[in-house]
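Trainee:
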Amino acid sequence: MNGSAAGAGLWTCHDCHQLVVAPPGHAHAACPRCGGAVHVRKAASLQRTAALLVASAILYVPANVLPVMTFTSMGRQQSDTILSGVAHLLLHGQWPLAAIVFFASVVVPVLKLVALAFLVISVQRGSAWRPAERTRLYRITELVGRWSMVDIYVVTVLAALVQTGSVAAVEARSGAFFFGGVVVLTMIAAETFDPRLIWDRCGARRE
Amino acid sequence: MSEVDDIPESNIVTKRRRISAIWIIPIVAALVGAWLAYKTISERGPEITIVLHDAEGLEAGKTAIRYREVMVGLVETIEIAEDLSHVVVGARMQKRFARYLTDDTQFWVVRAQVTAGRVTGLGTLLSGAYIAVDPSDEGDPQTQFEALEDPPLVTSQEEGRGFVLRAETKGSLEVGVPVYFRQVQVGEVVRTALDPSGAFVTVDVFVRAPHHQRVRRDSRFWNSSGFDATLDARGVRVDSESVVAMMIGGVGFDAPTGDTAPPADEGAVFSLHPSKRDVDVEQFALKQRYLVHFKGSVRGLEVGSPVEFRGIRVGQVADVRLQYDGAAEDLSIPVVIEIEPERIGMSGGDPVQAADRLARLVERGLRAQLKSGNLLTGQLLVDLDLHPKLPPASVKRGGTYPEIPTIPTPLDELAGSVTRILEKVERLPLDELTAEANGAIRELHGTLEQTRRFTEKVNEGLVPRVDGTIGQTQATLAAAESTLRSVERMFGAESPVNVELARTLAELASAARALRGLADHLDRHPEDLIRGGSEK
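Chains A and B, in that order, are what the protein sequence lines are. Residues in the first sequence are numbered from 22 upward in steps of one, following our numbering. Residues in the second sequence are numbered from 7 upward in steps of one, following our numbering.
1. Determine the closest residue to P414 of chain B out of B:G264, B:V309, B:Q375, B:E164, with distance taken between C-alpha atoms.
2. Is F113 of chain B helix, strand or coil when you go by DSSP?
3. If we ignore side chains and look at the alpha-carbon of each, how far apart do V304 of chain B and L386 of chain B end up?
4. Does the separation of the CB atoms of Q98 of chain A and S133 of chain B fall below 8 angstroms?
5. Please list, in chain order, the residues of the stretch 40-70 of chain B that have any C-beta partner in chain A closer than 8 angstroms.
6. So M90 of chain A packs on V176 of chain A, CB below 8 angstroms; how close in whole Å?
7. Out of B:F212, B:L278, B:E53, which one is the CA nearest neighbour of S178 of chain B?
8. Taking DSSP's pairing of strands, which residues face K377 of chain B in a bridge?
9. For H218 of chain B, name the three-state secondary structure that DSSP assigns.
10. Counting only the same chain and skipping the five closest in sequence on each side, list residues whose C-beta sits under 6 angstroms from that of S353 of chain B.
11. Going by the CB atoms, is the gap between E272 of chain B and G168 of chain B shorter than 8 angstroms?
12. In the structure shown, what three-state DSSP assignment does W32 of chain A receive?
13. E82 of chain B CB to nearest chain A CB: under 8 angstroms?
14. Does any residue of chain A bring its CB to less than 8 angstroms from the CB of I28 of chain B?
15. So if I threshold CB-CB distances at 9 angstroms, which residues from the stretch 65-78 of chain A count as touching chain B?
16. Using 10 angstroms around the beta-carbon of W41 of chain B, count the other beta-carbons present and answer buried if the total reaches 16, otherwise exposed.
17. What does the Cβ neighbour count give for N465 of chain B, buried or exposed, with the cut at 16 atoms within 10 Å?
18. Can you give me the C-alpha to C-alpha distance between G202 of chain A and S169 of chain A, rounded to a whole angstrom?
19. How would you label S225 of chain B, buried or exposed, when you count the other beta carbons within 10 angstroms and need 16 or more for buried?
20. Quick one, are the C-beta atoms of P184 of chain B and G127 of chain B less than 8 angstroms apart?
21. Give, in chain order, every unbroken run of the beta strand (DSSP E) that is at least 3 residues long and sits entirely within the stretch 31-98 of chain A.
22. With DSSP run on the structure shown, which of helix, strand or coil describes I209 of chain A?
23. Which first and last residues belong to the beta strand (DSSP E) in which T198 of chain B is found?
24. What are the complete alpha helix (DSSP H) segments, minimum 4 residues, inside the stretch 35-102 of chain B?
25. Give a yes or no on whether the minimum CB-CB distance between P32 of chain B and chain A is below 8 angstroms.
26. Could you tell me the alpha carbon to alpha carbon distance between R54 of chain A and Q39 of chain A, rounded to whole angstroms?
27. With distances taken between CB atoms, is the gap from S16 of chain B to A29 of chain A smaller than 8 angstroms?
28. Check whether the Cβ atoms of W228 of chain B and V309 of chain B sit closer than 8 angstroms, and answer yes or no.
29. One question on the structure: do I84 of chain B and V95 of chain B come within less than 8 angstroms of each other, judged by their Cβ atoms?
30. For a contact defined as C-beta to C-beta under 8 angstroms, what are the partners of Q98 of chain A on chain B?
31. What residue ranges within the stretch 148-204 of chain A form continuous alpha helix (DSSP H) runs of no fewer than 4 residues, ordered along the chain?
32. Taking C-beta to C-beta, are F200 of chain A and I79 of chain A nearer than 8 angstroms?
33. Could you tell me the distance, in whole angstroms, from the CA atom of R223 of chain B to the CA atom of V170 of chain B?
34. Can you give me the start and stop residues for the beta strand (DSSP E) that F169 of chain B sits inside?
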């Protein structure tokens, strides 16, 4: 860990970013200034990220199997899952919309899961393979993750606005909650992942 | 390291646990997922197949199976049978519903339908068709069903009673035709089918609770289809249960003895009378048939035409047909009439006695006669009446039915005399008469014209003067009269003057003749005037 603060035995407070001298032989410490927790890296980062990833992967199944919304129009009721909604849009020739929904609701969550899983595994295995690219991957993952909520926004807005009795009514269904869970959990997972871990190994190798 | 020295030392925190609490999240997620999966799998009900004629309006994955408009299953697959003869629908039912899937369970497709007198399933116009189920927990469990062609009108949950009617013909009795009691709809026709024997039509009706109590063992059912317009010897009559019944038909029933008869059992069999009138006719169970022969046309007489005794109905015509009498080589029209003795107060005695009574009546002059019942329509009726002045006759027995003697129709007699008069009229030389009459009329016309002109002249010229002189004239006339009287006395036929005058006149006539002879002679011999007459 040469060349880094950690290598020099310096940690930063998570909350106030106060640089502190690490207590030798201890993994946990408290900030003398604000009392916040101080670790050399985010505590149990890999473990937490992995746990959240597992949870979101589990939730991803019902999120895609269960319908996210029910559209009732003139007595005709139609329940759509995310994928059937995309298919619907495609069938009706709305392919730009279909592309957006597909990208935001299907591609992004999957990519996020895959990317984070890849990062966690690679860090866990102590890989020194292309740390800069992996860091960029992490950045993109974190940046793009919030946009997967588009679907949820659409459902909530529609459910709030389209309530004209029997003419047309939109109702959010359980799939939406699971999908929201997936998005939130992956966002937290991205947050708990400590990208410095990517470089820790590289630093060690370089030394 | 001076910078480093400035960096404060961190406070030491002892590590408390090794495994992060974060794992609770995936565990919870896994639990939720597992619970969902379990719930889904455990609630998966039985899979059934329903055979349909066609899948109009049905969609795999969308079409619901509903009971009382609540979804109890979902159509998952729609396939065509291998022999293309029908459609097989695979559906997943709810688990709770599994025990109601038995032999007796019925499925049918609900679509918007406009049937006899009712419109159903309008909601399906917007929401699409669905499959309805009439569950039953009686019978063996079943997973393969054949859907009904038409929705059953009465589901197993409905309270009431079904009855079977036997009709001669189906008439307009379609499924769904209402059943009326006192013109109130209390049920429907649920099925019509030809009896396997082909002898009659069975009509299943369902009467809803509590009205099924109204069907008594002695109830009589009749077909009140359309309206019963009767144009017979009694005029026009129109009977109908309701406007709906007029349009689509209906079945009526009554309870002649009210609540005294016990209620009819489920599935009791009744006969369906063709009309309410027939029900009333049926009341006279006792019928005696007689034969009557009429001379002349029976146009207007038909089966059902009334038989009356002095205007009171005692029966009806049962049969009218043309018959060739091989022995006499002649055609005759035997009319079979049914007399209901109960109508004529003959009840009390047995049929034989009643027949004897009629025979005795015939001996006293009872005769059958065709009479016009309705001049407008030309309907005839058979009139029975006593004609004591007629030569005695008796009931002819020996044929299928005893025969009542007849007398000619008053109409026939009238027609006969009218014909005779017409023939006489025809023989008159009408054309010549007309020509002469025309000439005479023309002359008469001329005469009249002259008379008219003359009269006008008289009126214009004479009358005013006449008026003035009438007074004088009257006086003159009176004088003249007296003068004339004296003249008459003087010159009457018997008067001497007259006699003298006659003699004088005779002499004068002979003198005139002599003078004429002289004149002729002188004319031929003018010389005689000078030389005197010469003797020849």
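Using N, Cα and C, we set each Cβ at its ideal position, and we do this for glycine too.
Mentor: Taking the coordinates as given:
1. With distances taken between Cα atoms, P414 of chain B lies closest to B:Q375.
2. Judged by DSSP in its simplified three-state form, F113 of chain B adopts strand.
3. It is roughly 8 angstroms from the alpha-carbon of V304 of chain B to the alpha-carbon of L386 of chain B.
4. Against a cut-off of 8 angstroms, the Cβ pair of S133 of chain B and Q98 of chain A comes out as a contact.
5. Listed by position, the residues of the stretch 40-70 of chain B near chain A (Cβ gap below 8 angstroms) are L42, K68.
6. That pair is a contact at about 5 angstroms.
7. When each option's Cα is compared against that of S178 of chain B, the closest is B:L278.
8. For K377 of chain B, which the question treats as bridged, DSSP gives the partners B:L387.
9. Three-state result, H218 of chain B: helix.
10. Note on S353 of chain B: pLDDT 47, under 50, position unreliable in the model; the coordinate value appears next. The answer is none, since no qualifying residue turns up.
11. Yes, they are a contact pair.
12. Here DSSP, grouped into helix, strand and coil, assigns W32 of chain A to strand.
13. It does not: the Cβ of E82 of chain B has no partner Cβ on chain A nearer than 8 angstroms.
14. Interface criterion met: the Cβ of I28 of chain B is under 8 angstroms from a Cβ in chain A.
15. Under the 9 angstroms Cβ criterion, the stretch 65-78 of chain A contributes A65, Q68, R69, T70, A71, A72, L73, L74, V75, A76, S77, A78.
16. Under this definition W41 of chain B is an exposed residue.
17. Around the beta carbon of N465 of chain B, fewer than 16 other beta carbons sit within 10 angstroms, so the residue counts as exposed.
18. Computed Cα separation, rounded: 11 angstroms.
19. A residue is called buried once 16 or more other Cβ atoms fall within 10 Å of its Cβ, and S225 of chain B is buried on that count.
20. Contact check for P184 of chain B against G127 of chain B fails: the beta carbons are separated by 8 angstroms or more.
21. Listed in chain order, the complete beta strand (DSSP E) runs (minimum 3 residues) inside the stretch 31-98 of chain A are 31-34, 40-42, 58-60, 90-94.
22. In the structure shown, I209 of chain A sits in a helix (DSSP, three-state: H, G or I).
23. That run of the beta strand (DSSP E) goes 190-200.
24. For the stretch 35-102 of chain B, not a single whole alpha helix (DSSP H) run of length 4 or above is found.
25. Yes, P32 of chain B counts as interfacial toward chain A.
26. The alpha-carbon atoms of R54 of chain A and Q39 of chain A are separated by roughly 7 angstroms.
27. Cβ atoms of S16 of chain B and A29 of chain A: not closer than 8 angstroms.
28. Against a cut-off of 8 angstroms, the Cβ pair of V309 of chain B and W228 of chain B comes out as no contact.
29. The answer is yes: Cβ separation under 8 angstroms.
30. Chain B residues near Q98 of chain A: S133.
31. The qualifying runs are 152-166, 171-182.
32. No, the Cβ-Cβ distance between F200 of chain A and I79 of chain A is not below 8 angstroms.
33. Cα to Cα, R223 of chain B sits roughly 12 angstroms from V170 of chain B.
34. For F169 of chain B, the enclosing beta strand (DSSP E) stretches over residues 166-173.
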